[in-house]
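Colleague: To convert, take the position in the sequence shown, counting from 1, and add 641; that gives the numbering used here. Dumping the structure here so I can ask a few things about it.
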Amino acid sequence: MSNTTDAQIAERKVHADEILALLAGAGSTAVTILQDYHTDDEDSHLLWQENPKLYAAVAERLIQEGHPGAALNLVLEWKALLPTDDDASDPVPEGYQLRYTLARAAVRGGNLRFGRQLLHPVLVIAEGPEPTIKDMPPRLRVDIVALNGRILKDESREDLTLCAKSAAAYEKAGNILEAKTLPDANTFPLVNAATMWRVAAWAEPKKAKKYIAKAETLAQKVIDRATPVVEARIAANDYWLPATLGEASVIVGKHEDAVKWYVKAIEMARASGRNGDVIAMVTNLLRLEQVGATQKPDWIAKYVGNVIVFSGHMVDSPDRLAKPGARPRFPNSELLIERLAEAIQAKLAELNATVGYCSLACGSDILFAQAMLARKAELHVVLPFAESDFLRKSVDFGLSDDPKMKRWADLFTGVLGQLPEEQKHRATTEPYLGTKELFSFVNSFTQGLAVIRARQQFVTPCALVVLEPDAEEAPGGTLHFQKTWEEAGFKSESINLAEVRKNIPMPRTRVNPRPMPEALGAEQERPIKALLFADVVKFSRLKEADFPLFLRQYTAFLRSVFESPAGSVKGHANTWGDGLHVVFNSVTEVAEFALSLIDRAGKPSSKGGVDWEKFGMPGEVPLRIALHTGPVFKVHGLSDQPVYFGQHVNWAARIEPVTVPGCVYASEQLASLLTMDPQGKKRFLCEFVGIQELPKKSGRCPLYNVTRVRPTRKR
């Protein structure tokens, strides 16, 4: 920076202020800010280095929008820019706010151990003697102490003895002097304290009466403090205070008030694009319902609506009608189309559908999509392969010269054109290539997306199918879709296509169109596999002299996992330095192996782990593990071992760098299939992290944190 002039520094400061104004305004997100202004050129580096407020503001917004991994990476970059010759006696040389943001990003990303390690030094200071801590404003002090309560709250799902400790930590944050004068009257930690005291009453029945009284007293205090200022906070676009009032109202038994405040808060947060905050604000409500502290929140379905996953028959293709003995099932008849559209619309109204998932084949799918858009509902479309092949295979059958079939292609394009990119999901963007398994794959993918979304809204998803009574159960077909859904324990509603078709004249069949070209030939081996990539954070900074000892420990650690039951079922494995690539046949196998890596990595080196701290690596477990699934190509390499490659192998590799250390992040494809897998859904939990921009311009990817299902503990 020796060649930088004062004028250039001043110019970059003005630019930084303009970026902050964009971030605060409507229409811009933290992700777009990073894409546009956080680049690799020197001027961009200087802009951020000279204006650290950019790091703080953008990282906070990333967390709010549901991108904790990106936030953690950004703040770690900020921390790396700081001088390294600080006084070693200062436990927080980088500053209180930066350390808090680091810890919060780690916790929101799912790594509680790393978050606790980051938080500890600044927590000791924040919990110091009253009245105030030097250079630490009351708001930050409250947030730091409350984050400790949040960590204990999440840990209490597995250790019920921590419920009361979490409540006490939150209450300590709520009683910090001067904090009552904050805009929210310091009600946020108090309402969390009330909730956790109520949960503690369930966890410790002998103290239930005492804890319930504490919970109700605190909840009423929150209501008394928040009610006079809530309208002013709503006017300032603060959705947390109405959410706080909703939670407090639940605890004191005022359920109508709770509904009013929660709905208001959810609407405000979604309007601001803060989906990460929406998930955070309703988590406590589910916890209260689980311990019997409130009525089952069926009102969410009434006010928020239901999640519907859809499947239905296509318009009859010439291929289908050419089969011996085939009869028309869904003729391309205007009258039938009109009747079926009306039947779908009526069912959606009956089900109060506000979120829908479907593919987009001609016939039933497109009619469902149009009906959802007409309801101004949130529509998600899931495609099994490249759009151009899908059009020919499932939309116009290659009959683009037929006006009736071209109409379906135009409707397909019109529906996709109305959807934001986040509501378009693709099992793969590669061509069809004769991979028939993709239709079953996309069914499970679509169903899993709907189940995960319904959990976020705390509703039970429902399938709607348009089904011929005597339809065959072909893999990937509508009847197979319904059966797999019901076998997973969910309900479905049907529209009988034969009833809708009554008294409609059946048209004559057509000849087959030209066969669909296969770009690489159907004989290509393209199995659907579950993929893992992992590496060690800061491995590249390892000192040369430390490499031999580290690699000995790390190799022994990996060998112990591969020799365990979780590793013995692998199909392929490859390592290079700290890098690890493993291929499995099922999503359940890869999830078990990934979490076994995390579990064993937390052990001391004397018990088969690695002495991470000795090698200067962050967190108790500095592994980043990424999971994905999809169709891959398979060949045999020089060693005659199978080698897997293709778009999905690359995709899995791109997820790993944005994973929070100590966590297992999965793509939406893997999370969806794991959610629908009969064994996977019992053993693993997939929690939405956010939509992350992947490295090397690989696009944006919704990510999920994979953990084990927490056991139900006896009280």
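For each residue, glycine too, the CB sits at the ideal point set by N, CA and C. Remember, predicted model here, so these are calculated numbers, not experimental data.
Quick check on DSSP: helix, strand or coil for MET837?
Modeller: Three-state result, MET837: helix.
Colleague: With DSSP as the reference, label GLN1333 as helix, strand or coil.
Modeller: It is a strand residue.
Colleague: Excluding sequence positions up to five away, which residues of its chain have a Cβ less than 8 Å from the Cβ of PHE1274?
Modeller: Answer for PHE1274: GLN1165, GLU1166, ARG1167, TYR1285, PHE1286 and GLY1287, listed in chain order.
Colleague: Does CYS1103 come out as helix, strand or coil in the three-state DSSP assignment?
Modeller: The answer is strand: DSSP assigns CYS1103 an E or B state.
Colleague: Out of LYS1047, ALA651 and VAL1262, which has the shortest C-alpha to C-alpha gap to THR1300?
Modeller: The residue with the shortest Cα to Cα distance from THR1300 is VAL1262.
Colleague: Based on DSSP bridge pairs, tell me the residues matched to LEU1024.
Modeller: Answer by DSSP bridge pairing, in chain order: ARG1067.
Colleague: Tell me, which residues are paired with ASP1176 by DSSP?
Modeller: In DSSP, ASP1176 forms a bridge with ARG1265.
Colleague: Quick test of the definition: if touching needs 3 or more C-beta pairs under 8 Å, does the stretch 1077-1090 touch the stretch 1112-1120?
Modeller: The stretch 1077-1090, when compared against the stretch 1112-1120, does touch it at the 8 Å Cβ threshold.
Colleague: I need the DSSP call for PRO779, collapsed to helix, strand or coil.
Modeller: Correct three-state label for PRO779: helix.
Colleague: Can you give the Cα-Cα distance for LEU1199 and ARG749, rounded to whole angstroms?
Modeller: Taking the straight line from one Cα to the other gives about 28 Å.
Colleague: Taking TRP1253 as part of the beta strand (DSSP E), name the residues at either end of that continuous run.
Modeller: Taken as a continuous stretch (DSSP letters only), TRP1253 belongs to no beta strand (DSSP E), as it is neither H nor E.
Colleague: Is the distance from the Cβ of GLU1071 to the Cβ of CYS1103 below 8 Å?
Modeller: No; because the gap between Cβ atoms is not below 8 Å, this pair is not in contact.
Colleague: I'd like the span of the alpha helix (DSSP H) that includes LYS1045, first residue to last.
Modeller: Here the alpha helix (DSSP H) through LYS1045 covers 1044-1058.
Colleague: What does a CB cutoff of less than 7 Å around VAL763 pick up in its chain, not counting 5 residues either side in sequence?
Modeller: VAL733, TYR737, ARG740, TYR741 and ILE785, listed in sequence order.
Colleague: Indicate whether ALA834 and ALA867 have their beta-carbon atoms separated by less than 8 Å.
Modeller: No, the pair does not count as a contact, with Cβ atoms beyond the cut-off.
Colleague: Who are the near neighbours of ASN973 in its chain, counting only those whose CB is closer than 6 Å to its CB and skipping five residues on each side?
Modeller: Excluding positions up to five away in sequence, the list reads VAL956 and LYS1045.
Colleague: Could you check what DSSP says for VAL1223 in three-state terms: helix, strand or coil?
Modeller: VAL1223: strand per DSSP, three-state reduction.
Colleague: I'd like the list of long-range same chain contacts for THR995, defined as Cβ closer than 6 Å, with 5 residues on each side in sequence excluded.
Modeller: Correct list, in chain order: GLY946 and ALA1018.
Colleague: Expressed to the nearest angstrom, what Euclidean distance is found between the alpha-carbon atoms of TRP689 and ALA665?
Modeller: Answer to the nearest angstrom: the Cα atoms are 17 Å apart.
Colleague: Considering only residues of the same chain and omitting the five flanking positions on each side of HIS896, which have a CB-CB separation below 8 Å?
Modeller: If we look at HIS896 and ignore the five residues flanking it on each side, its Cβ neighbours are SER890, THR935, GLN936 and TRP940.
Colleague: Go ahead and label LYS1170 buried or exposed: buried means 16 or more other beta carbons lie within 10 angstroms of its beta carbon, across all protein chains shown.
Modeller: Flag for LYS1170 reads buried.
Colleague: My assumption, with CB atoms under 8 Å, is that THR670 sits in contact with GLU706. Please give the rounded CB distance.
Modeller: Yes, THR670 and GLU706 are in contact; Cβ-Cβ is about 6 Å, under 8 Å.
Colleague: Quick one: what does DSSP say ASN692 is sitting in, helix, strand or coil?
Modeller: Note: ASN692 maps to coil in three-state DSSP.
Colleague: Please identify the residue among LEU1020, ASP776 and HIS686 whose C-alpha is closest to the C-alpha of LEU722.
Modeller: Of the listed residues, the one whose Cα sits closest to LEU722 is HIS686.
Colleague: Cα separation between LEU1236 and LEU1108?
Modeller: Answer to the nearest angstrom: the Cα atoms are 40 Å apart.
Colleague: Determine whether the beta carbon atoms of TYR811 and ALA842 lie at a separation below 8 Å.
Modeller: Not in contact: TYR811 and ALA842 (Cβ atoms no closer than 8 Å).
Colleague: Spatial neighbours of THR603 within its chain, please: CB distance less than 6 Å, with the 5 preceding and 5 following residues excluded, ordered by chain position.
Modeller: The chain is shown only over 642 to 1356; residue 603 falls outside these bounds and no answer can be derived.
Colleague: Between PHE951 and PHE1009, how many whole angstroms is the CB-CB distance? I'm expecting something under 8 Å.
Modeller: 5 Å between Cβ atoms; contact.
Colleague: Tell me the DSSP secondary structure of LYS1338 in three-state form.
Modeller: It is coil, neither helix nor strand.
Colleague: Tell me which same chain residues have a C-beta within less than 6 Å of the C-beta of VAL1152, skipping the five on either side of it?
Modeller: At VAL1152, the pLDDT of 46 sits below 50, so the modelled position is not reliable and the matter cannot be decided from this model.
Colleague: For VAL900, which three-state DSSP category applies?
Modeller: Correct three-state label for VAL900: helix.
Colleague: For ILE1136, report the span of its beta strand (DSSP E) as first-last.
Modeller: Note, ILE1136: beta strand (DSSP E), 1133-1137.
Colleague: Going by the DSSP bridge assignment, what does THR1348 pair with across the sheet?
Modeller: BP columns for THR1348 point to LEU1326.
Colleague: For VAL1350, which residues in the same chain have their Cβ closer than 8 Å to its Cβ, ignoring the five residues on either side in sequence?
Modeller: Answer for VAL1350: LYS1323, ARG1324, PHE1325 and LEU1326, listed in chain order.
Colleague: So, helix, strand or coil for ASN1291, using DSSP?
Modeller: If DSSP states are grouped into helix, strand and coil, ASN1291 belongs with the helices.
Colleague: Roughly how many whole angstroms lie between the Cα atoms of ILE853 and CYS1342?
Modeller: Their backbone Cα atoms lie some 43 Å apart in a straight line.
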